[in-house]
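J.:
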Amino acid sequence: MKSFTKKLLSVALALSVMVGGSFAFTMMTPASQAITTDNTWNGNAPKYIFLFIGDGMSYPQFTSANDYLGAVATEGKKVESKNLGFTEFPVTGSAMTFDSTSFCPDSASTATSISTGHKTLSGVINMDEQKTVAYETIAEKLKKQFGYKIGVVSSVPINHATPAAFYAHQPSRSNYYDIAKELVNSDFNYFGGGGFLQQQGKDGKQKDILDLATEKGYKIANTKDDILKLTSANDKVIAINPELIDGAMPYEIDRKNGELSLADFTRKGIDTLYNETGFFMMVEGGKIDWACHANDAMASIKDTVAFNDAVQEAVKFYEKYPDETLIIVTGDHETGGLTIGFAGTKYSTYLDQLSKQTVSYESYDEKVADFRNSKTSFEIALNDIYKNFGLMAANNPNATSNSNMVLSDYEYGKLKAAYEMSMLPSADRNLTEEEELLYGGYEPLSVTITHLLNNKSGIGWTSYSHTGIPVAVFATGKGSTLFGGYYDNTDIFVKLKALTNVK
Ligand SMILES: [Zn+2]
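Take the position in the sequence shown, starting the count at 1, then add 1; the result is the number in the working numbering.
1) Taking 8 Å as the threshold (C-beta atoms), are Val369 and Phe544 in contact?
2) For the putative contact between Gly338 and Ser59, defined by C-beta atoms under 8 Å, what is the C-beta separation to the nearest angstrom?
3) Thr491 lies in the beta strand (DSSP E); which residues open and close that run?
4) Is the region 423-431 in contact with the region 398-414, if contact means three or more CB pairs nearer than 8 Å?
5) Do you know how far the Cα of Leu483 is from the Cα of Leu446?
6) Within 10 Å of its beta-carbon, does Leu261 have 16 or more other beta-carbons around it, so buried, or fewer, so exposed?
7) Got a sec? Which residues, its chain only, sit under 8 Å from Gln207 by beta carbon, not counting five neighbours each side?
8) Look up Tyr49 in the DSSP assignment and give the residues it is bridged to.
9) Please enumerate, following chain order, all residues with a beta carbon closer than 6 Å to at least one heavy atom belonging to ligand 1.
10) Run through DSSP, which three-state label would Ser361 get?
11) So within the region 407-458, which uninterrupted alpha helix (DSSP H) runs reach at least 4 residues, ignoring any that extend past its ends?
12) Do Met283 and Phe167 count as a contact pair if the criterion is CB distance below 8 Å?
13) Would Leu85 and Ala66 be called neighbours here (beta carbons separated by less than 8 Å)?
14) Applying the criterion that 16 or more other CB atoms from any shown protein chain within 10 Å of the CB defines a buried residue, is Val134 buried or exposed?
15) On the DSSP letters alone, give me the boundaries of the alpha helix (DSSP H) that Lys150 sits inside.
16) Check whether the Cβ of Arg256 sits closer than 7 Å to any heavy atom of ligand 2, and report yes or no.
17) At 4 residues or longer, what runs of the alpha helix (DSSP H) sit wholly inside the region 147-215?
18) Name, in chain order, the residues that DSSP records as bridge partners for Gly286.
19) Just reading off the alpha helix (DSSP H) that Val92 is part of, what are its end residues?
20) Give the DSSP-derived three-state secondary structure of Thr350 in the structure shown.
21) Across the region 466-478 and the region 93-110, are there enough close Cβ pairs to call them in contact, namely three or more that are closer than 8 Å?
22) Taking the C-alpha atoms as reference points, what is the distance between Gln199 and Leu213?
23) When DSSP labels each residue in this structure, what does His294 get in the three-state scheme?
24) Put His334 into one of helix, strand or coil per three-state DSSP.
25) In chain order, what residues of the same chain lie with their CB nearer than 7 Å to the CB of Trp42, ignoring the 5 residues before and after it?
26) Please list the terminal residues of the continuous beta strand (DSSP E) segment that includes Gly478.
27) Give me, in chain order, the residues of the same chain whose beta-carbon lies closer than 7 Å to that of Tyr149; leave out the 5 immediate sequence neighbours on both sides.
28) Name the DSSP bridge partner or partners of Tyr488?
29) Taking DSSP as the reference, what is the three-state secondary structure of Ala509?
30) Return helix, strand or coil for Gly469, following the three-state DSSP convention.
31) What does a CB cutoff of less than 6 Å around Tyr440 pick up in its chain, not counting 5 residues either side in sequence?
32) Beta-carbon within less than 6 Å of His389's beta-carbon, same chain only, minus the 5 sequence neighbours each way: which residues are those?
33) Under the rule that 16 or more other beta-carbon atoms within 10 Å means buried, what is Leu122, buried or exposed?
34) Would you call the CB atoms of Gly205 and Ser173 closer than 8 Å?
35) Grab the span of the beta strand (DSSP E) containing Ile239 for me, first residue to last.
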């Protein structure tokens, strides 16, 4: 009887909301007005449009960077965040990210939503759910209808899903060679950052993409000198970072002094694209996502800082042309289920401890391979882990002055087990269900080191994949007011369409 009454009550409540609710709610609680968002614009179009996408970057990724920078600045003595510039833009919104496949979407479908205003399946680039209809992107429309110059920049391969979603239309994001051919035929003006995956096709027997690009009038710039010399006199350019790992730029934490950064590629993009008619440039910080897949908080934070440095190049441009420039900074989805707070550290965080990490998991994987090949003992490996991550056993001479970085017996056991697994050739590892969850397909020793360091610093992870929380949208400049509120990621396209008046 009781539960029946409860049910009746809740039905009555729901009905009252449905009947008179929407009017009463929006009038009485101003906060709920943020749910609605404005997609109309009567002013002139912004001439220079920057769209920055941090791949895998949601609230936890930039908040952990802000908090880490504050913790380092105060040596962990105060609770203070030191905010990345883009997080202080005057307009803020949130965008929902689910796609037609999942609440945990992928980069192909989410970038499709942002660039064309359509939801689609995970893995699909600018095509409908049946994979038969191709959608025109905001970049293509701006080029075709108004003669804007177009730039696409990424720290990961330039034919990877996010950059591809501004020039390609493919049933599968894995069609790298076909995507690259669309790049070559796009007639876009500037591609910068990473190289190409499957540059000579899946079988390695197709014509090299760079040769095809040259035939189509592209200048290939792949030395630092050539890239830094680029100007607006270069009409069609593909600028490829001289240092590549699997076609991507190195992690910021691994980038050596003097090597080009995402900010350099953004600045050179501005130099190349600048013209009187206008330009649209998409810049992706692609390895924030990769770091979070691998549960490496320090690599994620450093790449988020590098991403912010790239945004600051656009801010400098905006300061010169404030009435004509729009800058949007967003993410495509969250990766890793990163959060600030961990069961083991309760209400405390020790984020400044992350600064003890000197290399990414990716770079350390090579070290682990050396350990395996030369049958390095656990004691020697442990000493190296101390040097590169600050973690230490209780018998380390520095243990008393750094008690927080000392491994408990439980943590020591986890590290030792991971070391033993990593010493086996990968083909000989038969992982149990628990080990699958512990290592997520990554090098057991590297991922265990970052898990331990992250957890001891008060950072938690729930996944090696993408998760379903919304992303932030920050905007400044002409037309930026449209980006306030809580809306669907497809609205980012709708807003750009309204602002620029493309058909
Ligand atoms: Zn991802």
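Note that the Cβ used here is the ideal one computed from N, Cα and C, for glycine as well.
T.: Let me spell this out:
1) An answer regarding residue 544 cannot be provided, because it is not within the stretch 2 to 504 covered by the chain.
2) Start at 1 with the first residue of the sequence shown, and residue 338 comes out as number 337. Start at 1 with the first residue of the sequence shown, and residue 59 comes out as number 58. Beta-carbon to beta-carbon, Gly338 and Ser59 are separated by about 10 Å, too far to satisfy the 8 Å threshold.
3) For the purposes of this step, residue 491 is identified with residue 490 of the sequence shown, where counting begins at 1. Element bounds for Thr491: not the beta strand (DSSP E) but the alpha helix (DSSP H), 491-501.
4) Taking a cut-off of 8 Å for Cβ pairs, the region 423-431 and the region 398-414 do not touch, as fewer than three such pairs fall below it.
5) Here residue 446 refers to the residue found at position 445 when the sequence shown is read from its first residue. Here residue 483 refers to the residue found at position 482 when the sequence shown is read from its first residue. Each residue's alpha carbon lies about 47 Å from the other.
6) Against the sequence shown, residue 261 aligns to sequence position 260. Classification of Leu261: buried, given that the 10 Å Cβ count is 16 or more.
7) Here residue 207 corresponds to residue number 206 of the sequence shown, with the count starting at 1. Answer for Gln207: Tyr178, Gln201, listed in chain order.
8) Locating residue 49 in the sequence shown gives position 48, counting from the first residue. Answer is Phe280, Thr326, bridged to Tyr49.
9) This criterion selects Gly57, Ser108, Asp290, His294, Thr336, His467.
10) The residue labelled residue 361 in the question sits at position 360 within the sequence shown. DSSP places Ser361 in coil when its eight states are reduced to three.
11) Counting only runs of 4 or more, we get 410-424, 434-440, 445-457.
12) Counted from its first residue, the sequence shown places residue 167 at position 166. Counted from its first residue, the sequence shown places residue 283 at position 282. Judged by beta-carbon spacing, Met283 lies within the 8 Å limit of Phe167, meaning their Cβ atoms are closer than that value.
13) Taking the first residue of the sequence shown as 1, we reach residue 85 at position 84. Taking the first residue of the sequence shown as 1, we reach residue 66 at position 65. Against a cut-off of 8 Å, the Cβ pair of Ala66 and Leu85 comes out as a contact.
14) Counting from 1 along the sequence shown, the entry for residue 134 is found at position 133. Classification of Val134: exposed, given that the 10 Å Cβ count is below 16.
15) Start at 1 with the first residue of the sequence shown, and residue 150 comes out as number 149. Element bounds for Lys150: not the alpha helix (DSSP H) but the beta strand (DSSP E), 150-155.
16) Among the ligands in the structure shown, ligand 2 does not appear; only ligand 1 can be found there.
17) Listed in chain order, the complete alpha helix (DSSP H) runs (minimum 4 residues) inside the region 147-215 are 162-165, 177-186.
18) On the sequence shown, position 285 is the one that residue 286 refers to. Paired residue(s): Gly55.
19) Counted from its first residue, the sequence shown places residue 92 at position 91. Boundaries around Val92 are those of the beta strand (DSSP E), 92-97, since no alpha helix (DSSP H) includes it.
20) Numbered from its first residue, the sequence shown carries residue 350 at position 349. Coil, per DSSP.
21) Counting Cβ pairs under 8 Å, three or more are found: they touch.
22) Translated into the one-based positions of the sequence shown, residue 199 becomes position 198. Translated into the one-based positions of the sequence shown, residue 213 becomes position 212. Each residue's Cα considered, the two are about 14 Å apart.
23) Position 293 of the sequence shown, counting from 1, holds the residue named residue 294. Looking at His294 - three-state DSSP - the assignment turns out to be helix.
24) Along the sequence shown, read from residue 1 onward, the residue named residue 334 stands at position 333. Coil.
25) Position 41 of the sequence shown, counted from the start, is the residue given in the question as residue 42. Contacts found: Gly480, Leu483, Ala499, Leu500.
26) Looking up residue 478 in the sequence shown gives position 477. Note, Gly478: beta strand (DSSP E), 472-478.
27) Within the sequence shown, residue 149 is the residue found at index 148, counting from 1. Around Tyr149: Leu143, Thr278, Gly279, Phe280, Phe281.
28) Within the sequence shown, numbered from 1, the residue matching residue 488 stands at position 487. Looking at the DSSP output, Tyr488 shares a beta bridge with Ala96.
29) Lying outside 2 to 504, the shown extent of the chain, residue 509 is not represented and no answer is given.
30) The residue labelled residue 469 in the question sits at position 468 within the sequence shown. Correct three-state label for Gly469: coil.
31) As a working note, residue 440 is residue 439 in the sequence shown. Once the five neighbours on either side are set aside, the close Cβ partners of Tyr440 are Val448.
32) As a working note, residue 389 is residue 388 in the sequence shown. Here residue 389 is Asn; the residue named in the question, His, does not match the sequence. For Asn389, where only same-chain residues beyond five positions count, the Cβ hits under 6 Å are Thr359, Val360.
33) Position 121 of the sequence shown, counting from 1, holds the residue named residue 122. By the neighbour-count rule (16 or more Cβ atoms within 10 Å), Leu122 is buried.
34) Along the sequence shown, one-based indexing puts residue 205 at 204. Along the sequence shown, one-based indexing puts residue 173 at 172. Against a cut-off of 8 Å, the Cβ pair of Ser173 and Gly205 comes out as no contact.
35) Here the question's residue 239 lines up with position 238 in the sequence shown. Element bounds for Ile239: 238-241.
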